[in-house]
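Residue numbers (this note's numbering): 305 to 812. For every residue, glycine included, the Cβ atom is placed at its ideal position computed from N, Cα and C. Fair warning: this is a prediction, and the values are worked out from it, not measured in the lab. Read through the structure below, which is laid out as structure tokens, and then see the notes.
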């Protein structure tokens with residue numbers, strides 16, 4: 305648990321004053337760290353959040369069965385044979401470092417007359433904690449982010465963290481509604497440019513994610529219904545026709561270190577040269593073949609490029625964009641699928657020259673499909689105004705739009721009789737919602753795709769070719785850095801088996 309932002313500011317301050325007389329001022333306490341404007345810390349924190357989420361979203365895209373690797377590289381046994389230890393997948397340190405930044409904003413916003421930053425900072429803090437629970441289970445929470453006052457914070461039960469996040473989001477909504485952004489500081493907000501109404505709707509969407517993630521836990525129905533009805537009563541609604549994205553509106557630049565982090569990792573450098581890792585992620589055979597079988601080729605052509613990848617025309621495949629030219633690789637295969645012979649992640653995520661896209665934090669489609677699930681599960685027990693079918697169909701429509709496809713094409717499935725697409729004709733409605741949520745999260749939120757897969761077991765994706773049995777990871781180990789600095793509290797969590805120690809919402 306670090307306080308990186310404050311320490312960096314301190315270092316800059318020291319270096320910037322070391323050649324002036326004020327450095328020798330005996331009335332200045334040399335042991336007191338200088339501070340920074342919460343607005344600067346908030347901007348940096350949002351940028352850091354986007355960068356930190358790239359890697360867990362990547363591993364989630366693999367383990368949910370959406371992506372695999374091409375054979376242009378030696379097979380990653382860490383990822384595809386599940387040979388990992390507590391030295392791998394350490395997203396913990398970066399997330400807690402980032403959480404300290406948001407806590408700094410919350411603690412200091414009022415004294416800097418920037419109270420409007422506190423609510424959004426609490427919303428982002430809740431998002432990061434939700435993701436930490438989904439990766440690791442029980443985590444330091446109530447005793448965390450206290451600096452030297454709590455160097456070895458105790459762990460809170462994961463169920464309690466989830467419930468407290470709903471309370472924190474309620475507080476954040478009240479604060480955000482009560483404090484309009486100062487227009488001169490709107491650009492500090494990389495997500496909504498100071499639009500507090502959209503921050504509140506995002507908070508409601510995040511609440512729906514947290515609530516519906518628990519929908520299969522015994523005894524939770526009454527609690528979930530009550531909380532959903534509180535959202536409805538609050539009245540602000542949800543973002544159902546646009547994504548929550550960080551860093552758009554000209555923030556990312558065609559400069560090394562300032563590109564959209566997805567573009568920088570799997571796309572191109574600042575000069576437009578293709579990254580080596582552009583040859584790495586490929587769509588799985590299961591994803592490609594199942595979408596073809598369902599006639600969902602419009603979305604497929606946005607999720608992936610045809611074999612051969614992107615042509616010299618940005619966003620257009622080198623090969624003809626017909627179904628036959630979209631080829632997936634078997635999950636975990638180590639031969640037979642070179643980069644040019646299978647489909648790369650497509651124009652919904654990567655287009656040459658589009659280095660300044662926002663980094664997607666949540667899609668409208670996910671929100672709508674969570675609403676569909678709530679209405680299907682609880683019926684008149686929740687006061688949502690739409691029907692499950694209406695939310696479901698609108699969720700598919702918004703998935704098309706988010707991918708850059710014509711949203712009107714989604715209407716072709718209504719009355720088509722295609723299972724898991726035509727709501728009226730589908731036998732198991734909850735299965736259809738789960739599968740469509742998995743598809744809607746593809747390319748955007750791999751971590752949540754993996755979480756939804758763990759929750760529902762859907763779709764039934766093939767096991768990695770590298771694994772001789774049926775075991776699959778259902779969480780990460782606590783990282784060795786935490787074991788080293790907080791050993792007693794890590795040990796208190798018991799023995800963690802990443803193939804058997806389930807998270808509380810992963811009940812079957």
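Other residues of its chain near residue i: CB distance less than 8 Å, five sequence neighbours each side excluded
i	result
residue 739	724, 762, 763
residue 336	Because the pLDDT at residue 336 is just 48, under 50, the model does not fix this residue reliably, and the value given afterwards should be weighed accordingly. Excluding positions up to five away in sequence, the list is empty.
residue 443	433, 436, 437, 459, 460, 462, 465
residue 750	360, 361, 362, 363, 364, 365, 366, 368, 370, 371
residue 350	428, 493, 494, 495, 550, 551
heavy atom of the ligand GTP below 6 Å from residue i C-beta
i	result
residue 360	Looking at this structure, you won't find the ligand GTP or any other ligand, since it has none at all.
Member of the options whose CA lies at the smallest distance from the CA of residue i
i	options	result
residue 568	626, 657, 495, 548	657
residue 829	648, 614, 650, 596	Because the chain in this structure spans residues 305 to 812, residue 829 falls outside the shown range and cannot be described.
residue 732	680, 584, 618	680
residue 737	699, 717, 452	699
residue 352	495, 410, 456	495
residue 689	542, 734, 743, 623	542
residue 519	775, 772, 755, 778	755
residue 717	735, 697, 707, 705	697
residue 420	439, 343, 467	343
residue 570	581, 775, 560, 576	581
residue 600	578, 558, 630	630
residue 729	774, 644, 693	693
residue 526	624, 704, 584, 685	685
residue 726	408, 341, 598	598
residue 672	654, 665, 655, 691	691
residue 662	345, 375, 547	547
residue 745	703, 376, 722, 760	703
residue 670	356, 632, 348, 707	707
residue 618	585, 640, 659	659
Buried versus exposed call for residue i [16 or more other C-beta atoms within 10 Å across all chains shown]
i	result
residue 387	exposed
residue 270	Missing from the structure shown is residue 270; the chain here goes from 305 to 812 and no further.
residue 788	exposed
residue 667	buried
residue 712	exposed
residue 675	buried
residue 714	buried
residue 810	buried
residue 441	buried
residue 452	exposed
residue 330	At residue 330 the pLDDT is 43, less than 50, meaning the model places this residue with poor confidence; the figure from the coordinates comes in the next sentence. By the neighbour-count rule (16 or more Cβ atoms within 10 Å), residue 330 is not buried but exposed.
residue 791	exposed
residue 765	buried
residue 583	buried
residue 471	exposed
residue 701	buried
residue 752	buried
residue 803	exposed
residue 391	exposed
residue 775	exposed
Residues that DSSP places opposite residue i in a beta bridge
i	result
residue 720	BP columns for residue 720 are empty, so no partner.
residue 548	666
residue 373	585
residue 608	649
residue 633	588
residue 459	444
residue 698	BP columns for residue 698 are empty, so no partner.
residue 614	621
residue 572	578
6 Å Cβ shell around residue i - same chain, five flanking residues per side excluded
i	result
residue 770	384, 385, 636
residue 458	447, 793
residue 476	423, 426, 427, 507
residue 808	462, 463
residue 498	485, 490
residue 758	778, 810
residue 644	612
residue 741	673, 756
residue 748	664, 667
Neighbourhood of residue i by C-beta, 7 Å cutoff - its chain only, sequence neighbours within 5 removed
i	result
residue 486	420
residue 516	674, 677, 678
residue 389	781
residue 504	477, 480, 481, 540
residue 332	Caution is warranted here: a pLDDT of 48 is assigned to residue 332, below 50, making its placement in the model unreliable, and the coordinate value is therefore given only provisionally. Counting only Cβ-Cβ distances below 7 Å, and skipping sequence neighbours, we find nothing.
Any C-beta of chain D under 7 Å from that of residue i
i	result
residue 757	Of the chains in the structure shown, none is chain D; there is only one protein chain.
Practice task
Would you check if there are 3 or more beta carbon pairs closer than 8 Å linking the segment 392 to 409 to the segment 426 to 442?
Solution key: Using a C-beta cut-off of 8 Å, the segment 392 to 409 makes contact with the segment 426 to 442, since at least three inter-stretch Cβ pairs fall below that distance.
Exercise for the section: Mind the definition here: the segment 577 to 595 touches the segment 369 to 380 only if three or more C-beta pairs lie below 8 Å; say whether that holds. Expected result: Below 8 Å, enough C-beta pairs join the segment 577 to 595 and the segment 369 to 380 to call them touching: three or more.
Problem - contact_flag[the segment 522 to 537, the segment 563 to 582] where n(CB pairs < 8 Å) is 3 or more - result: Between the segment 522 to 537 and the segment 563 to 582, the count of Cβ pairs shorter than 8 Å is below three; the stretches do not touch.
Practice task
Check whether the segment 371 to 381 touches the segment 407 to 417, taking contact to mean three or more Cβ pairs, one atom from each stretch, closer than 8 Å.
Solution key: Put simply, the segment 371 to 381 does not touch the segment 407 to 417. Fewer than three CB pairs are less than 8 Å apart.
Practice task
Specify whether the segment 603 to 620 and the segment 640 to 652 touch according to this definition: at least 3 beta carbon pairs, one from each stretch, less than 8 Å apart.
Solution key: A contact exists between the segment 603 to 620 and the segment 640 to 652.
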